[in-house]
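2 protein chains.
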Amino acid sequence: MTVRVHNFSVSLDGYGTGEGQTREAPFGHAGERLHEWFFPARAGVDAVFAAAHDPGIGAEIMGRNKFDAGTGPWPDDDWVGWWGDEPPFHTPVFVLTHHPRPPIEMKGGTTFHFVDAEPAEAVQLATEAAGGLDVRLGGGPTTVREFLAADLVDHMHVVVVPIVLGRGVRLWDGLEGLEERFDVETTGSPSGVAHVTMTRRR
Amino acid sequence: MTVRVHNFSVSLDGYGTGEGQTREAPFGHAGERLHEWFFPARAGVDAVFAAAHDPGIGAEIMGRNKFDAGTGPWPDDDWVGWWGDEPPFHTPVFVLTHHPRPPIEMKGGTTFHFVDAEPAEAVQLATEAAGGLDVRLGGGPTTVREFLAADLVDHMHVVVVPIVLGRGVRLWDGLEGLEERFDVETTGSPSGVAHVTMTRRR
Numbered sequence: 016m017t018v019r020v021h022n023f024s025v026s027l028d029g030y031g032t033g034e035g036q037t038r039e040a041p042f043g044h045a046g047e048r049l050h051e052w053f054f055p056a057r058a059g060v061d062a063v064f065a066a067a068h069d070p071g072i073g074a075e076i077m078g079r080n081k082f083d084a085g086t087g088p089w090p091d092d093d094w095v096g097w098w099g100d101e102p103p104f105h106t107p108v109f110v111l112t113h114h115p116r117p118p119i120e121m122k123g124g125t126t127f128h129f130v131d132a133e134p135a136e137a138v139q140l141a142t143e144a145a146g147g148l149d150v151r152l153g154g155g156p157t158t159v160r161e162f163l164a165a166d167l168v169d170h171m172h173v174v175v176v177p178i179v180l181g182r183g184v185r186l187w188d189g190l191e192g193l194e195e196r197f198d199v200e201t202t203g204s205p206s207g208v209a210h211v212t213m214t215r216r217r
Numbered sequence: 016m017t018v019r020v021h022n023f024s025v026s027l028d029g030y031g032t033g034e035g036q037t038r039e040a041p042f043g044h045a046g047e048r049l050h051e052w053f054f055p056a057r058a059g060v061d062a063v064f065a066a067a068h069d070p071g072i073g074a075e076i077m078g079r080n081k082f083d084a085g086t087g088p089w090p091d092d093d094w095v096g097w098w099g100d101e102p103p104f105h106t107p108v109f110v111l112t113h114h115p116r117p118p119i120e121m122k123g124g125t126t127f128h129f130v131d132a133e134p135a136e137a138v139q140l141a142t143e144a145a146g147g148l149d150v151r152l153g154g155g156p157t158t159v160r161e162f163l164a165a166d167l168v169d170h171m172h173v174v175v176v177p178i179v180l181g182r183g184v185r186l187w188d189g190l191e192g193l194e195e196r197f198d199v200e201t202t203g204s205p206s207g208v209a210h211v212t213m214t215r216r217r
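Residue numbers (the numbering used here), protein chains in the order written: chain A, 16 to 217; chain B, 16 to 217.
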């Protein structure tokens with residue numbers, strides 16, 4: 016069992032999302048600029064990397080702000096994320112929050128579980144739910160950073176997008192020397208992004 | 016005539032040099048980690064990019080801290096940079112400083128001129144000295160950032176090195192939306208770096 020990060024986009028200045036997240040703007044002022052390589056008619060090497068998101072994954076862990084904007088007590092019980100009735104996860108999803116609430120079962124096999132857990136506990140919960148498959152760490156940047164700091168990530172695919180966001184939430188803060196724990200490979204794409212894979216050394 | 020940046024390395028977290036520069040450690044705590052792709056037995060795409068550093072260049076502009084550590088009045092007149100008797104520039108080099116001093120003529124065609132000039136003035140001086148050839152903007156990160164902010168850079172080759180420096184001098188600060196002025200291409204390398212070229216739109 017491994018914990019994997021896939022398709023996690025960062026700007027040249029290291030931001031994993033923009034400033035000013037709302038329910039209408041999940042990536043704040045960044046809009047869709049970090050993910051343009053992923054969505055429209057992807058092809059070639061971008062498509063190969065993008066397709067690695069799902070196979071072999073039995074559960075996802077995500078931070079509160081991948082599921083909803085804001086912090087603190089949940090403002091309402093109606094919000095079920097940005098993905099509509101049938102989210103693209105199709106597995107148990109563990110949403111990290113200091114404000115647990117009952118799980119939400121969606122169409123297509125996704126169930127959101129809201130847990131107040133440290134990174135290592137979350138990995139344990141997700142591993143048990145994954146039925147022998149791998150666990151995907153879905154983001155956002157604060158969550159990925161915390162799991163990297165705790166050395167809980169086995170494989171990470173980061174997409175360096177050639178834009179300068181200027182503000183938002185940084186991925187790399189506090190991770191000086193991170194590369195020493197990983198084997199790193201880089202693949203450029205005609206779309207302009209660089210796919211960087213980091214595989215933890217054994 | 017164009018102003019070009021070549022082989023300018025930045026870490027994943029956007030640092031163009033480390034913290035704690037001294038005459039013994041020109042890149043501070045970063046050491047040679049940002050430039051390992053460049054120096055040892057370079058080959059393939061790294062070699063192609065590295066070789067573009069010199070052809071067609073008639074003058075270089077560099078910041079004070081590419082020539083020497085420290086700020087303020089010069090501590091002595093003996094220091095002639097980190098490159099020995101015959102620096103690898105072979106052209107006039109304009110060192111930006113608020114403390115002008117007489118020029119230093121080195122072997123091999125390099126002459127260091129110390130000028131207290133704004134970016135646009137420096138480009139004018141270097142252009143006049145370049146004899147119809149291009150001007151290279153040599154760094155460091157503060158200098159490149161200032162010239163980018165003033166929209167004085169026509170072509171920039173940045174090398175994203177897959178390390179997390181954690182501290183130092185950032186290249187991208189204050190340049191939000193920079194990519195809108197440039198056409199951007201990215202080439203990955205087996206060495207693990209990503210070569211990002213930014214060519215100003217006309």
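Ideal Cβ placement from N, Cα and C applies to all residues, glycine included.
Q: Less than 8 Å between the CB atoms is what I'm expecting for Thr202 (chain B) and Val60 (chain B), so what's the real figure, rounded?
A: 6 Å
Q: State yes or no: is the beta carbon of Val20 (chain B) nearer than 8 Å to at least one beta carbon in chain A?
A: no
Q: Pair every Cβ in the region 107 to 127 of chain B with every Cβ in the region 203 to 210 of chain A, then say whether three or more of these pairs are closer than 8 Å.
A: no
**Q.** Span of the beta strand (DSSP E) around Phe53 (chain A)
**A.** Segment: none, Phe53 (chain A) is in no beta strand (DSSP E) and carries neither H nor E.
Q.
Looking only at its chain, what residues have a beta carbon closer than 7 Å to the beta carbon of Ala137 (chain B), apart from the 5 residues adjacent to it on each side?
A. Ile76, Phe109, Leu111 and Val130
Q: Tell me whether Glu47 (chain A) sits in a helix, a strand or coil according to DSSP, three-state version.
A: coil
Q) Just checking my contact of Gly35 (chain B) with Gly46 (chain B) at CB under 8 Å: how many whole Å lie between their CB atoms? A) That pair is no contact at about 11 Å.
Q: Compare the Cα-Cα distances from Ala65 (chain B) to each of B:Pro156, B:His21 and B:Pro88 and report the closest residue.
A: B:His21
Q.
For the region 191 to 206 of chain A, list every residue whose C-beta sits within 7 Å of some C-beta in chain B, in sequence order.
A. Glu191, Gly192, Leu193, Glu194, Val199, Glu200, Thr201, Thr202, Gly203 and Ser204
Q: Could you tell me whether the Cβ atoms of Val25 (chain A) and Gly31 (chain A) are closer together than 8 Å?
A: yes
Q: Please classify Trp97 (chain B): is it buried, with 16 or more other beta-carbons within 10 angstroms of its beta-carbon, or exposed?
A: exposed
**Q.** Helix, strand or coil at Pro107 (chain B) [DSSP, three-state]
**A.** strand
Q | Contacting residues, own chain, Cβ-Cβ under 8 Å from Asp149 (chain B) (five flanking each side not counted) | A | Met16, Thr17, Val18, Arg19, Gly71, Ile72 and Gly73
Q. Which bits of chain B does Ala13 (chain A) rub up against, with CB to CB less than 8 Å?
A. Since the displayed chain A opens at 16 and closes at 217, residue 13 (chain A) lies outside it and no answer follows.
(Q) Is Trp187 (chain B) close to chain A? Criterion is C-beta to C-beta, closer than 8 Å. (A) yes
Q: Would you give the residue range spanned by the alpha helix (DSSP H) that Asp61 (chain A) belongs to?
A: Gly59 to Ala66
(Q) Is Leu27 (chain A) close to chain B? Criterion is C-beta to C-beta, closer than 8 Å. (A) yes
Q: Please check if any C-beta of chain B sits within less than 8 Å of the C-beta of Gly181 (chain A).
A: yes
Q: Throw me the rounded Cβ distance for the Leu186 (chain A) and Arg160 (chain A) pair, which I believe falls under 8 Å.
A: 6 Å
Q) Residue range of the alpha helix (DSSP H) that Val130 (chain B) falls in? A) Per DSSP, Val130 (chain B) belongs to no alpha helix (DSSP H); it is in the beta strand (DSSP E), Thr126 to Val130.
Q) What do you get for Glu194 (chain B), buried or exposed, if any count of 16 or more other CB atoms within 10 angstroms of its CB means buried? A) buried
Q. DSSP on Val95 (chain A), reduced to helix/strand/coil?
A. coil
Q | Chain-ordered chain B contacts of Ile72 (chain A) [CB-CB under 7 Å] | A | In chain order: nothing, as chain B lies at least about 24 Å away.
Q | CA nearest to the CA of His50 (chain B), picked from B:Ala40, B:Asp28 and B:Phe23 | A | B:Phe23
**Q.** Beta-carbon contacts of His113 (chain B) that lie in its chain and below 6 Å, excluding the five residues immediately before and after
**A.** Asp131
Q) DSSP on Ala165 (chain B), reduced to helix/strand/coil? A) coil
Q.
Closest to Ala145 (chain B) by C-alpha separation, out of B:Asp69, B:Asp188 and B:Thr106, would be which residue?
A. B:Thr106
Q.
Below 7 Å on C-beta distance, what does Ile178 (chain A) contact in chain B?
A. Glu194
Q: Determine the extent of the alpha helix (DSSP H) in which Thr142 (chain B) is found, giving its start and end residues.
A: Pro134 to Ala144
(Q) Helix, strand or coil for Thr112 (chain A)? Go by DSSP, reduced to three states. (A) coil
(Q) Please report the straight-line C-alpha distance between Asp169 (chain A) and Leu163 (chain A), rounded to a whole angstrom. (A) 9 Å
Q: Using DSSP bridges, identify the partner residues of Glu75 (chain A).
A: A:Val108 and A:Arg151
Q.
Are the CB atoms of Val95 (chain B) and Pro177 (chain A) within a distance shorter than 8 Å?
A. no
Q: Let me know the secondary structure DSSP gives Thr157 (chain B) once reduced to three states.
A: helix
**Q.** Buried/exposed call for Lys122 (chain B), threshold 16 Cβ in 10 Å
**A.** exposed
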